[in-house]
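A.B. asks:
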Amino acid sequence: MPLNKWTICILLMVLGTGCIEPFEPDVEETNEVMVIDGRITDTQGIQTISISKSSPYQNPHFQPVSGCVVRVEDEAGNGITFLENDKGIYQSDPEPDFLAVGKAYKLQVITPEDKVYESEYDSLLACAPIDHLSYKLEVQGTSNPDVNYYGIRFYVDMKGSPEESRNYMWTFEETWEYLSYYNIQYIWDGSVFQDYTPQLHGFKICYLTDLLENFQVGSSSLMGSNEIRQQPLHFVSNLTPRLQEQYSLLVAQHSLSYAAFLYWDKMRAQSGDAGGLFETQPSRTTGNISNINDPEEKVLG
Numbered sequence: 137m138p139l140n141k142w143t144i145c146i147l148l149m150v151l152g153t154g155c156i157e158p159f160e161p162d163v164e165e166t167n168e169v170m171v172i173d174g175r176i177t178d179t180q181g182i183q184t185i186s187i188s189k190s191s192p193y194q195n196p197h198f199q200p201v202s203g204c205v206v207r208v209e210d211e212a213g214n215g216i217t218f219l220e221n222d223k224g225i226y227q228s229d230p231e232p233d234f235l236a237v238g239k240a241y242k243l244q245v246i247t248p249e250d251k252v253y254e255s256e257y258d259s260l261l262a263c264a265p266i267d268h269l270s271y272k273l274e275v276q277g278t279s280n281p282d283v284n285y286y287g288i289r290f291y292v293d294m295k296g297s298p299e300e301s302r303n304y305m306w307t308f309e310e311t312w313e314y315l316s317y318y319n320i321q322y323i324w325d326g327s328v329f330q331d332y333t334p335q336l337h338g339f340k341i342c343y344l345t346d347l348l349e350n351f352q353v354g355s356s357s358l359m360g361s362n363e364i365r366q367q368p369l370h371f372v373s374n375l376t377p378r379l380q381e382q383y384s385l386l387v388a389q390h391s392l393s394y395a396a397f398l399y400w401d402k403m404r405a406q407s408g409d410a411g412g413l414f415e416t417q418p419s420r421t422t423g424n425i426s427n428i429n430d431p432e433e434k435v436l437g
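Residue numbers for the sequence shown follow the numbering used here, beginning at 137 and rising by one.
1. Just how far apart, CA to CA, sit residue 331 and residue 323?
2. By a C-beta neighbour count over all protein chains shown, 10 Å radius and 16 as the cutoff for buried, is residue 342 buried or exposed?
3. In this structure, what does DSSP give as the bridge partners for residue 368?
4. Whose C-alpha, out of 170, 186, 434, 423, is nearest the C-alpha of residue 206?
5. Helix, strand or coil: how does DSSP classify residue 236 here?
6. Among the candidates 170, 289, 311, whose CA atom is the shortest distance from the CA of residue 369?
7. Just to confirm before moving on: does the CB-CB distance between residue 303 and residue 355 stay below 9 Å?
8. Kindly indicate which three-state DSSP category residue 198 falls into: helix, strand or coil?
9. Going straight from the alpha carbon of residue 431 to that of residue 393, what length do you get?
10. Determine whether the beta carbon atoms of residue 216 and residue 228 lie at a separation below 9 Å.
11. Exposed or buried, what is residue 405 when buried is set at 16 or more other beta-carbons lying within 10 Å of its beta-carbon?
12. Any idea if residue 222 is buried or exposed, counting beta-carbon neighbours within 10 angstroms, 16 or more meaning buried?
13. Taking the Cβ atom as the reference point for each residue, do residue 238 and residue 262 lie within a distance shorter than 9 Å?
14. Measure the alpha-carbon distance for residue 280 versus residue 375 and round it to whole angstroms.
15. Do residue 299 and residue 372 have their C-beta atoms closer together than 9 Å?
16. Would you call the CB atoms of residue 366 and residue 352 closer than 9 Å?
17. Please report the distance separating the alpha-carbon of residue 278 from that of residue 379.
18. Since residue 331 is in the alpha helix (DSSP H), which residue starts that stretch and which ends it?
19. If distances are taken between C-alpha atoms only, which option among 220, 178, 433, 190 comes closest to residue 233?
20. Would the beta-carbon of residue 387 fall within 9 Å of that of residue 308?
21. Taking the continuous beta strand (DSSP E) assigned at residue 305, which residues delimit it?
22. What are the partner residues of residue 242, as DSSP defines its beta bridges?
23. Residue 475 by DSSP, collapsed to three states: which one?
24. Quick one: using the 10 Å Cβ neighbour count with 16 as the cut-off for buried, is residue 389 buried or exposed?
25. Can you tell me which of the three DSSP states residue 388 falls into?
26. Between residue 243 and residue 211, what straight-line distance do the alpha-carbon atoms span, to the nearest angstrom?
27. Go through its chain and collect everything with a Cβ distance to residue 197's Cβ below 7 Å, but skip five positions before and after it.
28. Residue 315 and residue 295: beta carbons closer than 9 Å?
29. Taking 6 Å as the limit between beta carbons, can you name the residues of its chain near residue 247, skipping five residues before and five after?
30. Tell me where the alpha helix (DSSP H) around residue 348 begins and ends.
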């Protein structure tokens, strides 16, 4: 899936307060199932696939599956192998000409127990560029009608050609500036200690970058033209310190096939950032991976 990246920076302070009261449902646990998570793009660099078993609702954690043979193949039978660089984490750095727009690929995983899992073939589609990024102040409600919280919502505009994909996913990497939480008394310049003075304020400025787990999807398949306008993206709440100084959001735009769009749209609905009494209830979302010798086995991915 090709991608385009834009960065938008803001300098903003948003005021307000909010409170969220957690609710812990009584969930009946099921047997562990295989979870295969990965996304292949034509962007040069490391491609990553994680393989694990599902964990209990009351104790969510990563349960890696080690010792698998992981391979991605095109329709001609050419393939690349992913090596396990950490428990359950398999990576490969393919040659630039292997992953190309217009070609279809499938994933194969063979476990130490000789179980074989395969995905359906999926095509890499041409990706339109990001046209414009913007943000707006937003007030979000909670399950308590007397409590709201404030923040900003980012939006994207996209305009593609008829030959480019009509289905997209957006992923995010955030960076924000903050001041050191600790008082500085001395500064080491490499040879001697200096007393800290207000003129050395820059030494208190820090930056933190984080790859976000949330994502958004959108489609122009029902539109006359291949355009998406004011697609809501990531929301940043003032309940965190991220907006106190400077904030930057790096947005990556990925093209999707229609089948992949439907899958990720269901996943987005399950993991949406808006909670409440009437939100979508959890359910199993079936992907395009199955056990080729036991199609009835439940597989997530």
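Cβ atoms here follow ideal geometry from the backbone N, Cα and C, with glycine treated the same way.
C.D. replies: A quick look at the data gives this:
1. Per the coordinates, the alpha-carbon of residue 331 lies some 6 Å from the alpha-carbon of residue 323.
2. Residue 342 should be labelled exposed.
3. Beta-bridge annotation (DSSP): residue 368 is paired with 291.
4. It is 186.
5. DSSP, read as helix, strand or coil, puts residue 236 in coil.
6. Nearest to residue 369 by C-alpha distance, out of 170, 289, 311, is 289.
7. Between residue 303 and residue 355, the gap from beta carbon to beta carbon is short of 9 Å.
8. Collapsing the DSSP output to three states places residue 198 in coil.
9. Approximately 23 Å, taken between the alpha carbons.
10. Their beta carbons are under 9 Å apart, which means residue 216 touches residue 228 by this criterion.
11. Under this definition residue 405 is an exposed residue.
12. Counting the other Cβ atoms within 10 Å of the Cβ of residue 222 gives fewer than 16, which makes it exposed.
13. Yes, Cβ-Cβ distance for residue 238 and residue 262 is below 9 Å.
14. Answer to the nearest angstrom: the Cα atoms are 16 Å apart.
15. In this structure, the beta-carbon distance from residue 299 to residue 372 does not fall below 9 Å.
16. No, these two residues do not count as a Cβ contact at 9 Å.
17. So the two alpha carbons sit approximately 20 Å from each other.
18. Counting along the chain, residue 331 falls outside any alpha helix (DSSP H), though it belongs to the beta strand (DSSP E) covering 329–331.
19. The option with the nearest alpha carbon to residue 233 is 178.
20. Note that the C-beta distance between residue 387 and residue 308 is below 9 Å.
21. Residue 305 -> beta strand (DSSP E) spans 303–315.
22. Answer is 209.
23. Residue 475 lies beyond the range of the chain shown here (137 to 437); nothing can be said about it.
24. When all chains shown are included, residue 389 counts as buried.
25. Residue state, collapsed to three classes: strand.
26. Spanning the two alpha carbons is a distance of roughly 11 Å.
27. The answer, listed in chain order, is 191.
28. No; because the gap between Cβ atoms is not below 9 Å, this pair is not in contact.
29. Excluding residues up to 5 positions away in sequence, 204 lie with their Cβ nearer than 6 Å to the Cβ of residue 247 in the same chain.
30. Judged by DSSP secondary structure, residue 348 falls outside any alpha helix (DSSP H) and instead within the beta strand (DSSP E) spanning 341–355.
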